[in-house]
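Take the sequence shown: its position 101, counted from the start at 1, is 127 in the working numbering, and no numbers get skipped.
Cβ coordinates follow ideal geometry from the N, Cα and C atoms, glycine included.
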Amino acid sequence: MLRILFHKGYTPVVELPPVLRDLAAEKHLAYALVVRSGSKAYGIDVEGSDDDYVGVFVPRLRDFVSLEGLERDTYAGNDPDYTVHEIGKFCRLALKGNPAILETLWNPDVVQIDRWGQALLELRSRVLHRGSLEVYVDYAEAQLKKMVKGRGLHAKGGTYNGKYGAHLVRLLHAGITLAGTKEVQVRVPPPLAATLLEIRSGKRTMEDVLEMARPLLEKLKRLSTTNALPERPDRRSFETLVEAARLSRRDE
Numbered sequence: 027m028l029r030i031l032f033h034k035g036y037t038p039v040v041e042l043p044p045v046l047r048d049l050a051a052e053k054h055l056a057y058a059l060v061v062r063s064g065s066k067a068y069g070i071d072v073e074g075s076d077d078d079y080v081g082v083f084v085p086r087l088r089d090f091v092s093l094e095g096l097e098r099d100t101y102a103g104n105d106p107d108y109t110v111h112e113i114g115k116f117c118r119l120a121l122k123g124n125p126a127i128l129e130t131l132w133n134p135d136v137v138q139i140d141r142w143g144q145a146l147l148e149l150r151s152r153v154l155h156r157g158s159l160e161v162y163v164d165y166a167e168a169q170l171k172k173m174v175k176g177r178g179l180h181a182k183g184g185t186y187n188g189k190y191g192a193h194l195v196r197l198l199h200a201g202i203t204l205a206g207t208k209e210v211q212v213r214v215p216p217p218l219a220a221t222l223l224e225i226r227s228g229k230r231t232m233e234d235v236l237e238m239a240r241p242l243l244e245k246l247k248r249l250s251t252t253n254a255l256p257e258r259p260d261r262r263s264f265e266t267l268v269e270a271a272r273l274s275r276r277d278e
């Protein structure tokens, strides 16, 4: 049975798409948290931008502890694009500092939330640690290398995709903001949004993007070793939450 429970302060930005409703019914999933992600959450969407979704589900306990175990701990699809993780996997990824997972916990575009999703949001500051910033550095470096490697293709007539340039610059700003505020930035401020839209639309060249990105990356690297984030996350609190959420479905 699909549980739908909203808590004070949260109003769904859109209805849960039918594909996610059908998935929950077919696989007996209870969604703890579903958010609208991507360009609309960042505030840099354009006409025709799709809705993307990221979520967390709690399976029935009997499915989790059965001989076969869970069929999957992640479900993903498109039309619309969605990814939903089992609550234990989601928390493991969050504790490692995965940027997309951390954004889910700070995303203002809540589509659905129940008591376990609320508990995740209340614990979100405890997931952050210095290693989280190192992951932002790693992700940004990988994205920048892809762009540099693409120079040859670009010179031979290949098309530079501004969408990836915008992602790189946004990710770097998000990491720098995290270091300074201990908060994960999802909705970008208007001046940055305007720049990202220019990058995305192709008004800025790849060279322009690299010129922006390189000093931001160096700054993020410095901040990853000199910041006020804790040395380690509060892993035990998340273990307690995951155990309680899984056990809550023991009678279904």
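For residue i, collect the residues of the same chain with a Cβ closer than 6 Å to its Cβ; drop the 5 residues on either side in sequence, then sort them by chain order.
i, result
"Val161", "Gly123"
"Trp132", "Val210, Val212"
"Arg226", "Gly188, Lys189, Ala192"
"Pro38", "Val137"
"Tyr68", "Val214"
"Lys247", "Val163"
"Leu255", "Leu154, His155, Arg156"
Please confirm whether any heavy atom of the ligand ATP lies closer than 7 Å to the CB of residue i.
i, result
"Arg152", "With respect to the ligand ATP, the structure offers nothing, as it holds no ligand at all."
Closest by CA to residue i, which one among the options?
i, options, result
"Gly191", "Glu233, Thr207, Ala145", "Glu233"
"Leu243", "His199, Thr221, Asp140, Arg230", "His199"
"Glu224", "Val195, Thr203, Arg248", "Val195"
"Ala219", "Asn104, Val72, Val45", "Val72"
"Arg118", "Ile70, Gln144, Lys245, Arg150", "Arg150"
"Val84", "Leu249, Leu55, Ala126", "Leu55"
"Gly201", "Ala126, Tyr101, Lys66", "Ala126"
"Glu265", "Val82, Tyr36, Ile113", "Ile113"
"Lys66", "Glu94, Glu278, Val40, Lys208", "Val40"
"Tyr101", "Gly81, Ala120, Glu94", "Gly81"
"Glu257", "Leu159, Leu49, Asp99, Leu197", "Leu159"
"Ala120", "Tyr36, Val268, Lys172", "Val268"
Counting C-beta neighbours from all protein chains within 10 Å, is the total for residue i 16 or more, i.e. buried, or is it exposed?
i, result
"Asp164", "exposed"
"Ser92", "exposed"
"Glu129", "buried"
"Asp135", "buried"
"Gly206", "exposed"
"Asp77", "buried"
"Gly103", "exposed"
"Pro216", "exposed"
"Ala270", "exposed"
"Pro259", "buried"
"Ser250", "buried"
"Thr221", "buried"
"Ser75", "exposed"
Can you list, in chain order, the residues of its chain with a C-beta nearer than 8 Å to that of residue i? Leave out the 5 residues immediately preceding and following it.
i, result
"Leu147", "Leu59, Leu131, Ile139"
"Glu97", "Lys53, Asp89"
"Glu167", "Leu243"
"Tyr79", "Pro43, Leu46, Val60, Val61, Arg62, Ser63, Pro106, Asp107, Tyr108, Thr109, Val110, Val137"
"Leu273", "Leu87"
"Leu170", "Leu194, Leu236, Ala239, Arg240, Leu243"
"Val174", "Leu236"
"Leu197", "Pro125, Tyr162, Tyr165, Ala166, Gln169"
Any beta-carbon of chain D closer than 8 Å to the one on residue i?
i, result
"Val212", "Among the protein chains of the structure shown there is no chain D, as only one such chain exists."
Which two residues bound the contiguous alpha helix (DSSP H) that contains residue i?
i, result
"Asp107", "Segment 107-112 is the beta strand (DSSP E) holding Asp107; no alpha helix (DSSP H) there."
"Arg196", "188-207"
"Pro217", "216-227"
"Glu265", "261-273"
"Tyr165", "156-175"
"Ala51", "44-53"
"Val235", "232-251"
"Arg258", "Unbroken run through Arg258: none, as it is neither H nor E."
"Pro125", "125-132"
"Leu96", "That residue, Leu96, is in no alpha helix (DSSP H); it is neither H nor E in DSSP."
Starting from residue i and walking both ways along the beta strand (DSSP E), at which residues does that stretch end?
i, result
"Ser63", "56-63"
"Thr100", "100-103"
"Gln144", "No beta strand (DSSP E) holds Gln144; the alpha helix (DSSP H) holding it covers 141-149."
"Tyr79", "78-84"
Using C-beta distances below 7 Å, list every residue in its chain close to residue i, excluding the 5 sequence neighbours before and after it, in chain order.
i, result
"Met27", "The pLDDT assigned to Met27 is 31, lower than 50, so where the model puts this residue is not dependable, and the model offers no usable value."
"Ser263", "Leu149, Arg152"
"Lys245", "Ile202"
Stretch-stretch touch, CB-based, cutoff 8 Å, three pairs: the segment 138-146 with the segment 54-63: yes
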